[in-house]
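Visitor: Residue numbers (this note's numbering): 442 to 833.
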Amino acid sequence: MSIEFHVEIRRNAARAGRLLTPHGEIETPVFMPVGTVATVKAVPQDVLEELGVQILLGNTYHLYLRPGVETVRQFCGLHGFMAWPRAILTDSGGFQVFSLNDLRKVTDEGVTFRSHLDGSSHFFSPESSIAAQIGLGADIIMAFDECTEYPADRSRTQASMELTVRWAERSKKYFEEHKHEVPWKKASSVESPVSGATNTGNWKPETRNCNANQSLFGIVQGGMDLALRKESAERTIEIGFPGYAIGGLSVGEPRERTREVIEATLEHLPPDKPRYVMGVGTPEEIVEYARLGVDMMDCVLPTRAARHGLLFTSEGRISIKQARYAQDAGPLDPNCACRVCRRYSRAYLRHLYASNEVLAQVLNTLHNLSFYLDTMRRVRHSIRLGEESCFF
RNA sequence: GCACAGGUGGGUGAGUGGUUAAAGCCAACAGACUGUAAAUCUGUCCCUCCUAGCGAGGUACGAAGGUUCGAAUCCUUCCCUGUGCA
């Protein structure tokens, strides 16, 4: 068994449930912070735990380039390498097919990338992506897909969707043949994963269930075309995965389209499997998508925006760099109980930002992540208690 | 007092006779950011006016004069700053 997913409460289209992974239990709907290169930028892992992060993301493409899959494997995978005991999900590198537009070439076989680090050439295929993801050892790994650009005409969207379906089949096939190679299992039979070093300092990863496997999720594409989304969902389900993602969104389309596509696509996904919308969204959007029945979401927005001085609060958005906050003694968000809002003034946060201090990034990110996690906590609470609230 | 070297827009600092209201950088101000090529990127940044435009005026490269069709750029005098010598 890899993961277990139980929908416990339904409220209209929304669901609250539990996702059991080899590295702990996740309450859904869940927001997953993005830690592309094995770090949620500016936040140490122990603080992430205190904030209540249940699962975070890593990126196969970035970690493959640096430090390299072999290095991570020697640490029993990402959990050991980055000293993170809870669940991890790795993206396949499919998104880089989209975002590294000028540095790649796509064929049916796979994608040739030019490294953004040093310009060197690398080839990614469904097989190599899954091989890398097995080496990285995340609890949930993603099929190698092509994130269709926006706008794209119907024939282009269809071709792209079909490529993703073919890649999904290959991803699954490779995964089934190699999933036993996940580094946790080797670790249980070997005394020390790295000669002369027992993992990472004093920290030891705990694999809750050493017999468990990773889980491979499929990804639905199809651009903004609802019929293609339906077809993509059906064909992906036919291949069979323990969870399904909706990809190819937030690529420049109007927000209303994003919502439409999510709502329409969810209808075609199995009700008893986790549904993951990749790469969304704003605080308002993640609430809305949870209401539609999405179980998992991830987004760089809270962390990136924080580093750029944009903070999400219960009263809207604050650009902490603005001169108007220079003398503001109040907390960032009077309704937020996070450690930043409890302790520091807006004037201080603005000063840190203006001074280009690293603490600005730390505190801003802490707040935004707290805000997102709190928002999701309240969403779960609303679903479970059936309370009338601002969310439901 | 003498000899050099200099004085440019909020700061630095290019430009040394003609697309120069004056590069670049910094500061300031505003905006963007959604499976992270992102501590990034974009815009504004002398004043006034409007039909808001590679728009119209005005003012501006220490000061005042001068040369020239045309000067931040050349000449004269003065003021100021730095260094050296007395």
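The C-beta atom is built at its ideal place from N, Cα and C for all residues, glycine as well.
In terms of DSSP beta bridges, what is residue 473 paired with?
Guide: Answer by DSSP bridge pairing, in chain order: 739.
Visitor: Which same chain residues end up closer than 6 Å to residue 483 when comparing Cβ atoms and leaving out the 5 residues on each side of it in sequence?
Guide: 802, 803, 806
Visitor: Rounded to whole angstroms, what's the CA-CA distance from residue 635 to residue 756? Just pull it up for me.
Guide: Model confidence at residue 635 stands at a pLDDT of 46, short of 50, so the residue's coordinates are unreliable; what they give is reported in the following sentence. In a straight line, the C-alpha of residue 635 is about 49 Å away from that of residue 756.
Visitor: For residue 536, does the count of other Cβ atoms within 10 angstroms reach 16, so buried, or fall short, so exposed?
Guide: buried
Visitor: Measure the alpha-carbon distance for residue 481 versus residue 503 and round it to whole angstroms.
Guide: 13 Å
Visitor: Spatial neighbours of residue 558 within its chain, please: CB distance less than 6 Å, with the 5 preceding and 5 following residues excluded, ordered by chain position.
Guide: 506
Visitor: Assign residue 532 to buried or exposed, taking buried as 16 or more other Cβ atoms, counted over all protein chains shown, within 10 Å of its Cβ.
Guide: buried
Visitor: Using the C-alpha atoms, what's the distance from residue 521 back to residue 742?
Guide: The straight-line gap from Cα to Cα measures roughly 27 Å.
Visitor: Please work out which residues of its chain come closer than 7 Å, Cβ to Cβ, to residue 767, disregarding the five sequence neighbours upstream and downstream, and give them in chain order.
Guide: Take residue 767, set aside five residues on each side of it, and the residues of its chain with a beta-carbon closer than 7 Å to its own are 788, 791, in chain order.
Visitor: Go through its chain and collect everything with a Cβ distance to residue 591's Cβ below 6 Å, but skip five positions before and after it.
Guide: 692, 693, 694
Visitor: Who are the near neighbours of residue 656 in its chain, counting only those whose CB is closer than 6 Å to its CB and skipping five residues on each side?
Guide: 443, 444, 581, 683
Visitor: Whether or not the region 808 to 826 and the region 721 to 741 are in contact is what I'm after, with contact meaning three or more pairs of Cβ atoms, one per stretch, closer than 8 Å; do they touch?
Guide: yes
Visitor: Rounded to the nearest angstrom, how far is the Cβ of residue 772 from that of residue 786, given a contact under 8 Å?
Guide: A Cβ-Cβ separation of about 7 Å places residue 772 in contact with residue 786 under the 8 Å criterion.
Visitor: Under a three-way DSSP split, which group does residue 679 fall into?
Guide: helix
Visitor: By Cβ distance below 8 Å, which residues in the same chain neighbour residue 718 in space, the five residues on each side in sequence not counted?
Guide: Setting aside the 5 residues that flank it on each side, residue 718 is surrounded in the same chain by 686, 687, 690, 703, 730, 735, 737, 738, each with a C-beta closer than 8 Å to its C-beta; the list follows chain order.
Visitor: Report buried or exposed for residue 447, applying the criterion of at least 16 other Cβ atoms within 10 angstroms of its Cβ.
Guide: exposed
Visitor: Report back the beta-carbon spacing between residue 465 and residue 527 to the nearest angstrom; my notes put them in contact at under 8 Å.
Guide: Separation of the CB atoms of residue 465 and residue 527 is rounded to 5 Å, and the pair is thereby assigned contact status at 8 Å.
Visitor: Which full runs of the beta strand (DSSP E) of 3+ residues lie inside the region 691 to 765, going along the chain?
Guide: 716 to 718, 737 to 740, 751 to 754, 757 to 760
Visitor: Following the continuous alpha helix (DSSP H) through residue 496, name the residue where it begins and the one where it ends.
Guide: Per DSSP, residue 496 lies in no alpha helix (DSSP H) segment; the continuous beta strand (DSSP E) that holds it begins and ends at 496 to 500.
Visitor: Might you give, ordered along the chain, the residues of its own chain that have their beta carbon closer than 8 Å to the beta carbon of residue 705, omitting 5 neighbours on each side?
Guide: Same-chain partners within the cutoff: 667, 670, 671.
Visitor: For residue 562, tell me which candidate among 754, 653, 652, 544 has the shortest Cα-Cα distance.
Guide: 544
Visitor: Grab me the residues of residue 676's own chain with a C-beta within less than 7 Å of its C-beta, minus the 5 sequence neighbours each way, in chain order.
Guide: So the qualifying residues of the chain are 606.
Visitor: Using a 10 Å radius around the Cβ and a threshold of 16 neighbouring Cβ atoms, would you call residue 584 buried or exposed?
Guide: buried
Visitor: Less than 8 Å separating the beta-carbons of residue 498 and residue 530?
Guide: Remark: C-beta atoms of residue 498 and residue 530 approach each other more closely than 8 Å.
Visitor: Looking at residue 609 and residue 501, is the spacing between their C-beta atoms short of 8 Å?
Guide: no
Visitor: How should residue 567 be labelled, buried or exposed, when 16 other C-beta atoms within 10 angstroms of its C-beta is the threshold for buried?
Guide: buried
Visitor: What's the gap between the Cα of residue 451 and the Cα of residue 825?
Guide: 8 Å
Visitor: Name the DSSP bridge partner or partners of residue 921?
Guide: Missing from the structure shown is residue 921; the chain here goes from 442 to 833 and no further.
Visitor: Taking residue 808 and residue 752 to be in contact with their CB atoms under 8 Å, please state how far apart those CB atoms are, rounded to whole angstroms.
Guide: 6 Å
Visitor: Does residue 563 come out as helix, strand or coil in the three-state DSSP assignment?
Guide: strand
Visitor: Going straight from the alpha carbon of residue 553 to that of residue 782, what length do you get?
Guide: 45 Å
Visitor: Does residue 623 pass the burial test, meaning 16 or more other C-beta atoms within 10 Å, or should it be called exposed?
Guide: Classification of residue 623: buried, given that the 10 Å Cβ count is 16 or more.
Visitor: Please state whether the Cβ-Cβ distance between residue 457 and residue 469 is less than 8 Å.
Guide: yes
Visitor: Could you pull out every residue in the same chain whose Cβ sits closer than 6 Å to the Cβ of residue 637, ignoring the five residues on either side in sequence?
Guide: For residue 637, the pLDDT reaches just 40, beneath the cut-off of 50, and the residue's location in the model is therefore unreliable, although a value from the coordinates is still provided. Cβ neighbours of residue 637 beyond the five flanking positions: none.
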